[in-house]
Amino acid sequence: MNLHAIHHVSKSNYCYMYNEKTMQIKLRVAKNDINEVALVYGDKFDWDNKQEKKMTKLCSAGLFDYFVVEVEPINNRIAYFFEISSDNEKVYYTDSGFLDEINNEEVHFSFFQIAYIHNTEIHKAPDWVRDAVFYQIFPERFNNGDTSNDPAEVKNWGGKATNDKFFGGDLQGIIDKLDYLHNLGITAIYLTPIFEAETSHKYDTTNYFLVDKHFGDLKELKNLVNECHKRGMKIVLDAVFNHCGFLFSQFQDVIRSGEKSKYVDWFHIEKLPIKTEPPNYEAFAFVPTMPKLNTKNPEVKKFLLDVASYWIDETGIDGWRLDVADEIDHEFWRDFRRVVKAAKSDAYIVGEVWSGALPWLKGDQYDSIMNYSFMKHSLDFFARNTISAKVFKESINEMRTRNTMQVNEVMLNLLDSHDTARFLTMCKNDVKKLMLAVTFQLMYDGAPCIYYGTEVGLDGKGDPDNRKTMIWDEKKWDKKILNHYKKLLKIRKDFKELRRGSFEWVEDLGEVIGFKRVLGKNTIVILINNQDKDCTIILKVRGVLSDVISGCEVNQECVQVDACSSRIMSVEDRQKELLGSL
Ligand code: CA
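Each residue of the sequence shown is one higher than the last, beginning at 3 in this note's numbering.
Rendered as structure tokens:
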């Protein structure tokens, strides 16, 4: 038995409350090393009534296997240890390490423990996000609905995107296209920043309480929110709280008044007077026009938390996406969550963190993150073809084990964004590859997020080429991609399993990716063939297998998946049919 590989941490993603009743406990072991694991658990003050439950193998990832079990703690607390067996060996894994024998008298000393479970500390993610399909809009480039608010010298729509030029997109333009989004199957939009700023991307806020005049005004924002809500759509705005813009009045005051300014401590200033080349103050990525805010200063914190609640109270927005979220202190985000959830209890809080984000995802800060790991694995497998189906599946497994189930259920899963090259460009414009990745994204767990234009074949390298104007000339749309999105989003809407069901791989399909979404007695099976050759798969399922698109019955012994294509099938339980006919 490889003891070195065995790992568990209490009060973490390895042991947490999924909801008020159910606790999930995970154990990591070496791959293919352990036959059986049982969890022995109980109340430390009533250990005689301890229970034992067999753990099941959750998944494999890299060097490891993961086992899982769900239990209901009694009396709001739990003490536990693992009984781990391989061929001829058995060990007990406890908070004191590995033991050959268990001394039940030492429950207080030796066992893993959650001393008391506080309901208020259980992460409750907003339920609506599980049903949501997000659409990310870069407002300056989406649609120009009002030419009277255009910046001077706007470029012609469709022209080459550059960082210093404007095209005139605005909030009215978004309102005008809400029916387009609604018909596509979008249920939530996320706007990159819309408050007063100098640049086209507006990540350099100069006034947090003012809609940028080139985008519209408060009235138009309220109108946009109302028009979204009328269509059953949610809207999330971008909170840029790590840094402000150079012309932010408090920073300008420091430039003007130096040490006499009451705002000196609002920033991280090394030396006065302010110098910009290079900046003698902390700035986002050393960019002098983006001075970093000192969020530990109570005045700054109050100012930004007022911004967060103001826009919810004033306009009714449904959440915040947090820019550069991992460069701001945890205490700020804890207070941010309190303020935001007090203003709107089901507001969605999604952080921009590109790597493992567990410290922010325990229920006291964000609900989830922009899932850049999902993007990376999708790029490697679908766009670049640099990893096998096995490695792709294990990478997704590893990603899933990083967080709690409630976080995975509301992850913002994206293929591209304003900060990356467009997925289609990464596929060297091979539409089929993009469509396979889209199939995985839209049939997978969590909330898919579509970057504007990807659905009509908009391509682009990194910034600023990934911020081209949206194509509104339908003749220029790639209808094949668009119809693929429409078809899959309709399926996602019609089959609740795809939004609420569990996620499980179908194993032993070689280079074909197969997974199931299971909810109660209903199952959807998805097969994706990422290769240049046709494949025939034997699928063993209980019940009648039928193609959800054609409605035709599928022979389980011989499921055809053509080269670079996918199959989506439902499993009809025969038992249910029989009961219905009685
Ligand atoms: Ca305009």
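Quick reminder that beta carbons are idealized off the backbone N, C-alpha and C, glycines included. These figures come from a predicted structure and were not determined experimentally.
Residue i versus residue j - alpha carbon distance
| i | j | result |
| --- | --- | --- |
| E2 | N209 | Residue 2 is absent from the model: the chain starts at 3 and stops at 584. |
| V302 | N532 | 50 Å |
| M235 | E108 | 55 Å |
| G218 | W474 | 21 Å |
| G247 | G462 | 27 Å |
| K52 | E513 | 45 Å |
| F384 | S88 | 37 Å |
| Y454 | L511 | 34 Å |
| V561 | C61 | 25 Å |
| E91 | A32 | 15 Å |
| Q138 | L41 | 43 Å |
| G503 | A449 | 13 Å |
| T207 | G171 | 18 Å |
| S150 | I177 | 16 Å |
| A134 | Y487 | 15 Å |
| E333 | D348 | 21 Å |
| C566 | K435 | 7 Å |
| T96 | S12 | 10 Å |
| S263 | K273 | 14 Å |
| N105 | H125 | 34 Å |
| K28 | F69 | 6 Å |
| K204 | V238 | 16 Å |
| V2 | G522 | Outside the modelled stretch of the chain, which goes from 3 to 584, sits residue 2, for which no answer is possible. |
Per DSSP, the bridge partner or partners of residue i
| i | result |
| --- | --- |
| A190 | F136 and K236 |
| H9 | R30 |
| V433 | The partner list for V433 (beta bridge, DSSP) is empty, contrary to what the question assumes. |
| T96 | G99 |
| Y20 | None, per the DSSP bridge assignment. |
| L65 | Per DSSP, none; premise fails for L65. |
| N209 | E198 |
| H203 | According to DSSP, which records beta bridges pairwise, H203 is partnered with nothing at all. |
| W49 | DSSP output for W49 lists no bridge partner at all. |
| R79 | I76 |
| C451 | F136 and L416 |
| S567 | N531 |
| S259 | DSSP output for S259 lists no bridge partner at all. |
| Y43 | Q53 and Y82 |
Environment of residue i [buried if 16+ CB atoms lie within 10 Å]
| i | result |
| --- | --- |
| Y265 | buried |
| I551 | exposed |
| F288 | exposed |
| T189 | buried |
| P75 | buried |
| L307 | buried |
| N405 | buried |
| F286 | buried |
| H110 | exposed |
| R340 | exposed |
| S357 | exposed |
| D315 | exposed |
Proximity below 8 Å, CB of residue i to CB of residue j
| i | j | result |
| --- | --- | --- |
| V39 | M25 | no |
| S311 | V342 | yes |
| E354 | L324 | yes |
| E556 | D549 | First, the residue type needs correcting, since residue 556 is Val and not Glu in the sequence shown. Contact: yes. |
| L1 | M377 | Nothing can be reported for residue 1: it is not among the residues displayed for the chain, which extend from 3 to 584. |
| H270 | R233 | no |
| I493 | E457 | no |
| H379 | M401 | yes |
| Y118 | N78 | yes |
| D536 | D564 | yes |
| I528 | K395 | no |
| W507 | F517 | yes |
| A7 | V409 | no |
| F253 | P281 | no |
For residue i, three-class secondary structure by DSSP
| i | result |
| --- | --- |
| R544 | coil |
| D382 | helix |
| G175 | helix |
| H486 | helix |
| W356 | coil |
| P280 | coil |
| N387 | coil |
| R519 | strand |
| T122 | helix |
| H245 | strand |
| V514 | strand |
| I398 | helix |
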